[in-house]
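Asker: Residue numbers (our numbering), protein chains in the order written: chain A, 936 to 1057; chain R, 2 to 106.
1. Using the three-state DSSP reduction, which class does residue 1002 of chain A fall into: helix, strand or coil?
2. Could you check what DSSP says for residue 3 of chain R in three-state terms: helix, strand or coil?
3. What in chain A is Cβ-close to residue 69 of chain R, meaning under 8 Å?
4. At what residue ranges does the region 59–97 of chain R contain a whole run of the beta strand (DSSP E), taking only runs of 3 or more?
5. Using a Cβ-Cβ cut-off of less than 8 Å, give me the residues of the region 991–1005 of chain A that come near chain R, in sequence order.
6. Please list, in chain order, the chain A residues whose beta carbon lies closer than 8 Å to that of residue 4 of chain R.
7. In chain order, what residues of the region 67–96 of chain R put their CB closer than 8 Å to some CB of chain A?
8. In this structure, how does DSSP classify residue 1030 of chain A when only helix, strand and coil are distinguished?
9. What does a CB cutoff of less than 6 Å around residue 1017 of chain A pick up in its chain, not counting 5 residues either side in sequence?
10. Counting only Cβ pairs nearer than 7 Å, list the residues of chain R close to residue 1050 of chain A.
11. Following the continuous beta strand (DSSP E) through residue 939 of chain A, name the residue where it begins and the one where it ends.
12. Which residue marks the beginning of the beta strand (DSSP E) containing residue 988 of chain A, and which one marks its end?
13. May I have the straight-line CA-CA distance separating residue 46 of chain R from residue 1021 of chain A, to the nearest angstrom?
Quick look at the structure:
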């Protein structure tokens, strides 16, 4: 059974860079249909796609966050990471990592991590 | 981006009721629209496909339908365990979610 687990700081100061890591077990990061994704949810609000990465290195970003976001993968550790720079209070959210299955009969985020709450505050 | 607009934003129903949530896309969707269930403090859980095929792990009283720009999630015989927020999601152009519909019983 595939499992994803987010890790990283829960408190970040304004203007700093947030770095989060997702550790995947039960599935290889090089799995062909898998896009490894970061999604966030501000308190009491909806879900927002941030970025994802495909095993070939293809990356996709939310247009509204693209200038501040980078995503990378470490296949030796089966982990992928998100960096969000110049954070503000508006970046306070629960951050989820998820697997997007690009198989023709799926096209869905079928596995999710439990989420990590991140607060931006001085 | 394709914007996804859900309605209603919340609803209250009784056990045994049938409820329908709507999701309107800002442009025609060619691929599937998916639905997710999220309970307080938890991660979203993938529910059904918009062409009404659904995962074996999902109760058969959940079904999805629609096409083009209009999509629905219907829950038959509502149960206490269905209290949650439901989100629609498209993957035609990047990935976007609806703002959510909270179901209270």
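Backbone N, C-alpha and C fix where the C-beta goes; we use that ideal spot for every residue, glycine too.
Answerer: Quick answer:
1. Here residue 1002 of chain A refers to the residue found at position 67 of the first chain. DSSP places residue 1002 of chain A in helix when its eight states are reduced to three.
2. Within the second chain, numbered from 1, the residue matching residue 3 of chain R stands at position 2. It is coil, neither helix nor strand.
3. As a working note, residue 69 of chain R is residue 68 in the second chain. Result: empty, since nearest Cβ-Cβ is about 17 Å, beyond 8 Å.
4. 63–76, 85–91
5. 995, 997, 998
6. Sequence index remark: in the second chain, residue 4 of chain R carries index 3 (1-based). The contacting residues do not exist; residue 4 of chain R stays about 12 Å from chain A at best.
7. 88, 90, 92, 95, 96
8. Position 95 of the first chain, counted from the start, is the residue given in the question as residue 1030 of chain A. In the structure shown, residue 1030 of chain A sits in a strand (DSSP, three-state: E or B).
9. Walking along the first chain from the start, residue 1017 of chain A turns up at place 82. Once the five neighbours on either side are set aside, the close Cβ partners of residue 1017 of chain A are 955, 973, 1006.
10. The residue given as residue 1050 of chain A occupies position 115 in the first chain. Near residue 1050 of chain A (Cβ distances below 7 Å), the residues of chain R are 44.
11. Taking the first chain and counting its residues from 1, one reaches residue 939 of chain A at position 4. Residues 938–942.
12. By one-based count along the first chain, residue 988 of chain A stands at place 53. Run containing residue 988 of chain A: 983–989, per the beta strand (DSSP E) assignment.
13. Stepping through the second chain from its first residue, residue 46 of chain R is reached at position 45. Stepping through the first chain from its first residue, residue 1021 of chain A is reached at position 86. Roughly 31 Å separates the two Cα atoms.
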